[in-house]
Amino acid sequence: MEKKEFIVDEPFYLESGEYFSSLRIAYHTSGKLNPERDNVIWVCHAFTANSDVEEWWSEMVGKGKYFDPNDHFIVCANILGSCYGTTSPLSINPETNSYYYHDFPTITMRDIVRAHDLLCQHLSIKKIRVAIGGSIGGFQALEWAIMKPDLFDNLVLLVTSARTSPWAIALNESQRMAIEADASFSKNDENAGLEGMKVARSIALISYRNYQTYLLTQEDPDNEKLGDYKACSYQRYQGEKLARRFNAFSYYVLTKALDNHNVGRKRNGVKEALAQIKAYAIVIGITTDNLFPVNEQKFIADHVPEADFFELDSKYGHDGFLLETEKITRILKHNIR
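Going by this note's numbering, the sequence shown opens with residue -5, and the numbers climb by one from there.
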């Protein structure tokens, strides 16, 4: 995929009433727009992912895969607030000529989607054949399909919800508390809060997987051990791994954007908002997902006018949407319109 950048050289107003005097959007594309301009696949990425979708979803997107750049024009934009090139807490505020850090304004999923829509207009895309997203990628696809109902033919919504639950908000708050407990997070420094973010990632990972996953992959065969367990080293490894590629400021502001996700806000409630969607929706849940249980996907499918719900069995829990690509591909092959 080719990495590109789009600069919005005018004020970008946020749902909170605050604004950016200009906006930078990093994105990747692959393939070419056909003459009919009807072969667009827009992938909305998840929490700490980036816009190079072939990097993190290589079994779903790429040459020879279901979303093949030989057939499709594939677009993925880095979300507002992320540290992978789009305006974020590590960007310089043009009005102060200093990094935002703690002064980065409150953003919402609706703000993130409005940035996507500006990029979509910049690319002269009039119709998106498929918008697909898992987890908070699903938040974006859902929000966008309500905001611009005539833009989409198909939605693929995986392990997602129409409104963030108190359970998910509590998990996010626990992660922010871990970052706040890191004394370095008070500093204006790009490496501030990384130790706390490692703990936050460990908390998050438990919600991404489940009891059975850990039993299958992290159980120690040595019954005589008194410490140094596989599960302990695994949690620490995952925290260290994220700290090498992500940033605590972005982590913090994005969890707040996850909290405020609610497609019904200022739309007379969630049911009325979902009823505005014109695209056909394929809604996929995973039986072992503890973060966004299947009842949340069933709710979406019940209230989007044209939608079908599919339930997958997976030992991977919430992260199954990244790993069960064969099962997901079979569903898409038989149902994309």
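Ideal Cβ positions, reconstructed from N, Cα and C, are used throughout, including at glycine.
Fill in: 6 Å Cβ shell around residue 3 - same chain, five flanking residues per side excluded
16
Discussion item. Please report the distance separating the alpha-carbon of residue 335 from that of residue 278.
Written reply: Residue 335 is absent from the structure shown; the chain starts at -5 and stops at 331.
Fill in: One or two residues paired with residue 302 in a DSSP bridge
276
Worksheet entry | Residues that residue 93 bridges to, as DSSP identifies them | 86
Discussion item. Report the start-end ranges of each alpha helix (DSSP H) in the region 200 to 265 that is 4 residues or longer and not cut off at the edges.
Written reply: 205 to 211, 224 to 237, 242 to 253
Worksheet item: Shortest alpha-carbon distance to residue 186 belongs to which of 195, 173, 268?
Response: 173
Worksheet item: What whole-angstrom Cβ distance do residue 21 and residue 52 have, given they're in contact under 8 Å?
Response: Residue 21 to residue 52, Cβ: 18 Å. No contact.
Worksheet item: For residue 176, does the count of other Cβ atoms within 10 angstroms reach 16, so buried, or fall short, so exposed?
Response: buried
Discussion item. Let me check understanding here. Comparing Cα to Cα, which of 296, 249, 7 lies closest to residue 265?
Written reply: 296
Practice prompt. State buried or exposed for residue 1, treating a residue as buried only when at least 16 other CB atoms are found within 10 Å of its CB.
Written response: exposed
Practice prompt. Please name the residue or residues paired with residue 14 in a DSSP beta bridge.
Written response: 6
Worksheet item: Quick one: Cα of residue 106 to Cα of residue 221, how far?
Response: 44 Å
Practice prompt. Taking the CB atoms as reference points, tell me whether residue 164 and residue 245 lie closer together than 8 Å.
Written response: no
Practice prompt. Tell me residue 36's beta-bridge partners as DSSP assigns them.
Written response: 69, 125
Practice prompt. With distances taken Cα to Cα, identify the nearest neighbour of residue 181 among 84, 72, 42, 32.
Written response: 84
Fill in: Close Cβ partners of residue 358 (< 8 Å) along its chain, the five nearest in sequence each way excluded
There is no way to answer for residue 358, as the model of the chain reaches only from -5 to 331.
Worksheet item: Less than 7 Å between the CB of residue 284 and some heavy atom of the ligand ADP, yes or no?
Response: By its list of ligands, the structure shown contains no ligand whatsoever, and the ligand ADP lies outside what it can speak to.
Worksheet item: Are there 16 or more other CB atoms within 10 angstroms of the CB of residue 171, so buried, or fewer, so exposed?
Response: exposed
Worksheet item: In terms of residue numbering, what span does the alpha helix (DSSP H) encompassing residue 315 cover?
Response: 314 to 317
Item to complete: Return the CA-CA distance between residue 78 and residue 319, expressed in angstroms with no decimal places.
Response: 25 Å
Practice prompt. Would you please state the rounded distance, in angstroms, between the beta carbons of residue 72 and residue 25? I believe it to be under 8 Å.
Written response: No, residue 72 and residue 25 are not in contact; Cβ-Cβ is about 19 Å, not under 8 Å.
Practice prompt. Would you kindly report the start and end of the unbroken alpha helix (DSSP H) that includes residue 289?
Written response: 288 to 297
Worksheet item: For residue 179, which beta-bridge partners are listed by DSSP?
Response: Paired residue(s): none; residue 179 is not in a bridge.
Worksheet item: Which residue from 155, 211, 239, 168 puts its Cα closest to that of residue 188?
Response: 239
Worksheet entry | Nonlocal neighbours in the same chain, by C-beta distance under 8 Å from residue 257, ignoring five residues either side | 136, 137, 140, 156, 157, 264, 267, 268
Worksheet item: What span of residues does the alpha helix (DSSP H) with residue 47 cover, start to end?
Response: 47 to 50
Worksheet item: Just the Cα atoms here: how many angstroms apart are residue 43 and residue 30?
Response: 31 Å
Item to complete: Tell me whether the beta-carbon of residue 144 lies closer than 8 Å to the beta-carbon of residue 272.
Response: yes
Practice prompt. State the DSSP-derived secondary structure class of residue 117, mapped to helix, strand or coil.
Written response: coil
Worksheet item: Does DSSP put residue 166 in a helix, a strand or coil?
Response: helix
Worksheet entry | Cβ-based burial, residue 305 [other Cβ within 10 Å; buried from 16] | exposed
Practice prompt. Would you identify the three-state DSSP class for residue 64, choosing helix, strand or coil?
Written response: coil
Discussion item. At the level of alpha carbons, what is the spacing between residue 56 and residue 217?
Written reply: 44 Å
Worksheet item: Which partner residues does residue 23 have in the DSSP bridge list?
Response: -4, 69
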